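See below for the structure under consideration.
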Amino acid sequence: MRSYNEALKILKKSNIKIHDEVIKCINSLNRVCSHNIYSKNNYPPENNTSLDGFALNFNNTKKTSNRNLKKFKIVATISAGSKPYKKILKKNEAIEIMTGGIMPKSTNTIIPFEECTITEDKKNKFIIIKKAYKKFNNVRFKGSDYKIKDIVVKKNTIINSSHIMALKALGIENITVKKKINVVFFSSGNEITEKNKISIWETRNSNHHYLKSLNNNFLFNFKNLGILRDKDENKFYKQLIKILKSKTDIIITSGAVSAGKFDFIPRVINKLKLSHKFKNIFIRPGKPILFAKFKGKSKVIFGLPGNPISAAACFRFFVCPYVTNVLGLNPEKPINAKLKNNFIKNKNFTRFAKSKLSTTKNGKIEVEILKGQESFRIKPFVKSNIWSLLPSGKSKFKKGEIVQCFFPNHFNESLI
212 MRSYNEALKI LKKSNIKIHD EVIKCINSLN RVCSHNIYSK NNYPPENNTS LDGFALNFNN
272 TKKTSNRNLK KFKIVATISA GSKPYKKILK KNEAIEIMTG GIMPKSTNTI IPFEECTITE
332 DKKNKFIIIK KAYKKFNNVR FKGSDYKIKD IVVKKNTIIN SSHIMALKAL GIENITVKKK
392 INVVFFSSGN EITEKNKISI WETRNSNHHY LKSLNNNFLF NFKNLGILRD KDENKFYKQL
452 IKILKSKTDI IITSGAVSAG KFDFIPRVIN KLKLSHKFKN IFIRPGKPIL FAKFKGKSKV
512 IFGLPGNPIS AAACFRFFVC PYVTNVLGLN PEKPINAKLK NNFIKNKNFT RFAKSKLSTT
572 KNGKIEVEIL KGQESFRIKP FVKSNIWSLL PSGKSKFKKG EIVQCFFPNH FNESLI
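Counting along the sequence shown from 1, when you hit position 265 you're at 476 in this note's numbering, and nothing is skipped either side.
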């Protein structure tokens, strides 16, 4: 058997080509940006006011004080969305302006409403001020947030809602992203069923629905191709031949990858030409696991264990790093957390431990490895919010040590 790190090296060498496509930015959530996206506009597009008030030239407020009040005639009102005011203001004139309104060219400062006294006569309204103001008071400058040619989103970034806000604000309608990876999935075993009411010898197909639920978080299209029964070896072989001619990128199976009489997945895979492969890794949970790349094809297969927790762990620590690599994302950075309890494992194995991440009162990140690490136990997985990755070469992990952690249901990339 190979080590986990050796398996990761094989995955890295087994790249498949994922092509680009152009989509609307509003539909780009959780997609991978293929190129740097540059701003085509300044933001703000012009100098404007950051609050409601009055626009005038700061020079006209000089020598103003409580003893030397100054009075300005209000000659117009500008709201956000109004066309620019083009007339040149006289020395004793001001313009009422609302938040976001474009600064008239002859003005360079904003006096807030609450700092003015408003008076009026039969024809006009005026403001009276009691102090001098600095130039550009309460002014938001053209291009102060984004300038033309500034990078809005870097290449190989997963688009999030904040990016979409920026793209729309800057008028960027279409962007180039990596196509979603096409994943097909087979369950296997006579005991597997999609029924809800089952006999004691049957097992509900939770793996199918767990993996399907992750498709948006881990950037793939998911298609379930049903359940392979114990005598479906030839049927699987024929389906596999068809899949190799399709647009599928990754094939995932669950179960039938061990060495039992009906574990036919490895036998079928070995009938085909392969360029890279491994079977069985020094890990817990997750044994057995299979991976192979089809020679001359931009397609791979992962044979996951049938046990739900083992399948979840193998998906997170084998399929997800593979997806990260082929989409051009940076390798995930672990969350480093201080261990709250002692834990002992087999020295030769890498251990994926169901864990609970939390913070202390003073803001330090801690992780507790939960009781019930046996692969058949689902309850601790439900209670957990993180996987702890405990590397091989060491058996005892003591309270207070720093361990690496990975979110179970989305990439750690969001923290980078």
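Every residue, glycine too, gets a C-beta built ideally from N, C-alpha and C. Bear in mind that the values here come from a model prediction, so they are computed numbers and not experimental data.
Reduced DSSP secondary structure (H/G/I, E/B, other) of residue i
i, result
"Val468", "coil"
"Ile627", "With a pLDDT of 45 at Ile627, under the threshold of 50, the predicted position of this residue should be treated as unreliable, and no value is reported."
"Phe352", "coil"
"Leu425", "coil"
"Asn418", "helix"
"Ile411", "coil"
"Leu451", "helix"
"Ile463", "strand"
"Leu267", "strand"
"Lys446", "helix"
"Ile383", "coil"
"Ile438", "strand"
"Leu378", "helix"
"Ser399", "strand"
"Phe617", "strand"
"Ile370", "coil"
"Ser214", "coil"
"Ile476", "helix"
"Pro557", "Rather than Pro, the amino acid found at residue 557 in this sequence is Asn. Correct three-state label for Asn557: coil."
"Leu550", "strand"
"Asn432", "strand"
"Ser566", "strand"
"Lys360", "coil"
"Asn541", "coil"
"Lys346", "coil"
"Lys406", "coil"
"Lys391", "coil"
Distance between beta carbons of residue j and residue i, contact taken as under 8 Å
i, j, result
"Ile560", "Phe493", "At residue 560 the sequence reads Phe, which differs from the Ile that was named. Going by Cβ atoms, the distance from Phe560 to Phe493 rounds to 5 Å, so yes, they are a contact pair."
"Leu501", "Pro477", "6 Å"
"Tyr215", "Val363", "No, Tyr215 and Val363 are not in contact; Cβ-Cβ is about 37 Å, not under 8 Å."
"Arg527", "Trp598", "6 Å"
"Asn630", "Ile546", "Residue 630 is absent from the structure shown; the chain starts at 212 and stops at 627."
"Asn552", "Glu585", "Contact flag wrong, Cβ pair sits at about 17 Å."
"Lys341", "Arg242", "With 8 Å as the limit, Lys341 and Arg242 do not qualify as a contact, their Cβ atoms being about 55 Å apart."
Neighbour-count burial assignment, residue i, 16 or more Cβ in a 10 Å radius
i, result
"Ile627", "Because Ile627 sits at a pLDDT of 45, beneath the cut-off of 50, its placement in the model cannot be relied upon, and the following sentence gives the value as read from the coordinates. By the 10 Å Cβ count, Ile627 comes out exposed."
"Leu430", "buried"
"His374", "buried"
"Val593", "exposed"
"Phe352", "exposed"
"Leu538", "buried"
"Ala291", "exposed"
"Ala470", "exposed"
"Glu304", "buried"
"Lys408", "exposed"
"Asn557", "exposed"
"Thr464", "buried"
"Leu280", "exposed"
"Val233", "exposed"
"Asn573", "exposed"
"Met314", "buried"
"Ile359", "exposed"
"Lys504", "buried"
"Thr328", "exposed"
Residue i versus the options, residue with shortest Cα-Cα distance
i, options, result
"Asn258", "Phe587, Ala467 and Pro295", "Pro295"
"Ile520", "His621, Asp443, Phe587 and Met212", "Phe587"
"His487", "Pro496, Gly507 and Arg495", "Gly507"
"His419", "Lys406, Lys366, Lys235 and Ile411", "Lys406"
"Leu483", "Gln450, Ala470 and Pro499", "Gln450"
"Phe639", "Val395, Gly574 and Asn553", "Because the chain is modelled from 212 through 627, residue 639 falls outside the range shown and cannot be assessed."
"Lys336", "Ala287, Lys301 and Ala291", "Ala287"
"Glu325", "Ser410, Ile480, Leu422 and Glu307", "Glu307"
"Ala266", "Phe283, Lys274, Ser276 and Asn277", "Phe283"
"Phe433", "Ala524, Lys408 and Asp460", "Asp460"
"Ala564", "Gly497, Leu219 and Tyr533", "Gly497"
"Val511", "Ile392, Val578 and Ser417", "Ile392"
"Asp231", "Tyr448, His246 and Ile237", "His246"
"Gly382", "Ala503, Asn252 and Lys458", "Asn252"
"Gln615", "His621, Ser606 and Pro602", "Pro602"
"Asn518", "Thr535, Ile403 and Ala380", "Ile403"
"Phe618", "Glu612, Lys590, Lys610 and Lys567", "Lys567"
Heavy atom of the ligand HEM within 8 Å of residue i beta-carbon
i, result
"Ser521", "Ligands in the displayed structure: none, and consequently the ligand HEM is not present."
Length at least 3, wholly inside the region 219-265: the beta strand (DSSP E) runs in chain order: 231-235
Alpha helix (DSSP H) runs wholly inside the region 480-539, at least 4 long, in chain order: 519-525 and 531-537
Whole beta strand (DSSP E) elements within the region 569-609, 3-residue minimum: 576-580 and 597-601
Contiguous beta strand (DSSP E) assignments of at least 3 residues, all confined to the region 269-302: 281-289
Those runs of the beta strand (DSSP E) which lie wholly inside the region 298-343 and span at least 3 residues: 304-308, 320-323, 328-331 and 336-340
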